[in-house]
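Have a look at the structure below, then the notes.
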Amino acid sequence: MTNKIDGLKAKLAQLTQLHADGTLSDAKFAEGKATLERQILDLVLAGTPPGTSAKAKPGTVAAPAQPESAAKPSALLLAGLTVAIVAIAGAGYLWKGTPVAPAGEAAQTASADGQAAPHSTTSEQIVAMTEKLAERLKQKPDDVEGWTMLARSYSVLGRHADALKAYKTASDLRKDDPSLLADYADSLAVNNDSNLEGEPMKLVQRALQLDPKNLKALYLAGTYDFNRKDYKG
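Per our numbering, the very first residue in the sequence shown carries number 26; after that it's consecutive.
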């Protein structure tokens, strides 16, 4: 399955390059991109059937399957959530964390073989993958990438209190990540009526000390100065 997803990602990269070069129209790019994202999500959601493993060659003994509960949160699951969140964000989710329902959620698009295929990423799919990731993190609570993706997923779903808890856990695990600090500051502000005063700005300043060019931290700092009418920054 990993090979299939890697292949679809490669096709998506090629499609993006063709669009950037002007070879592919906006309409064709949007159609093809939606189809590929849909196929990636389908593979992730399908997963690997329980109890299946690679077939052993004659005369060899197959290695026992590792229990899923002991595994690190699946890279496929994280990849699927990443694709889903990017797709939803492009369809109308705001920075402030307020979800906006994408228009034409049930729209259909033509797949490569000419068959109609759904291309929308529904909230139910995001919820399903998010809950699956949350369950896996109970078995692997030190996975910072998993907690970060869980936090972003909760934000997309409008579960801001849960997002804040997940960001705090991720930040505690990785204290010197400027991007994570900026996301944590953003989440704190969202949970405090979009107020960046106090702890959020401390996190923003710390992020900028680590990476003065961090775009989100710069944006939050600029927003803070604008709200204070400090137009000189």
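Beta carbons: idealized from backbone N, C-alpha and C, even for Gly.
Among the options, the one whose alpha carbon lies nearest that of residue i
i, options, result
"residue 220", "173, 163, 246", "246"
"residue 193", "181, 183, 250, 166", "166"
"residue 199", "235, 52, 47, 46", "235"
"residue 202", "230, 223, 183", "230"
"residue 151", "179, 191, 160, 163", "179"
"residue 228", "248, 242, 182, 42", "242"
"residue 182", "149, 163, 29, 226", "149"
"residue 210", "158, 224, 218", "224"
Close beta carbons around residue i, own chain, < 7 Å, minus the five adjacent residues each side
i, result
"residue 195", "169, 172, 173, 176, 205"
"residue 31", "none"
"residue 191", "172, 175, 176, 179"
Other residues of its chain near residue i: CB distance less than 8 Å, five sequence neighbours each side excluded
i, result
"residue 40", "49, 54, 57, 58, 61"
"residue 252", "221"
"residue 207", "228, 229, 232, 239, 241, 242, 245"
Bounding residues of the alpha helix (DSSP H) (the contiguous stretch that carries residue i)
i, result
"residue 208", "203 to 215"
"residue 197", "185 to 198"
"residue 250", "240 to 252"
"residue 170", "169 to 181"
"residue 166", "Per DSSP, residue 166 belongs to no alpha helix (DSSP H) and is neither H nor E."
"residue 49", "From DSSP, residue 49 is part of no alpha helix (DSSP H); its letter is neither H nor E."
"residue 225", "224 to 235"
With 16 other Cβ atoms within 10 Å as the buried cut-off, status of residue i
i, result
"residue 38", "exposed"
"residue 240", "exposed"
"residue 46", "exposed"
"residue 232", "buried"
"residue 42", "exposed"
"residue 237", "exposed"
Residue i: CB within 8 Å of a non-hydrogen atom of the ligand SAM
i, result
"residue 211", "Of ligands this structure carries none, so the ligand SAM is not represented either."
Close-in-space but distant-in-sequence residues of the same chain around residue i (CB under 6 Å, 5 per side omitted)
i, result
"residue 44", "54"
"residue 35", "none"
"residue 189", "212, 216"
"residue 64", "33"
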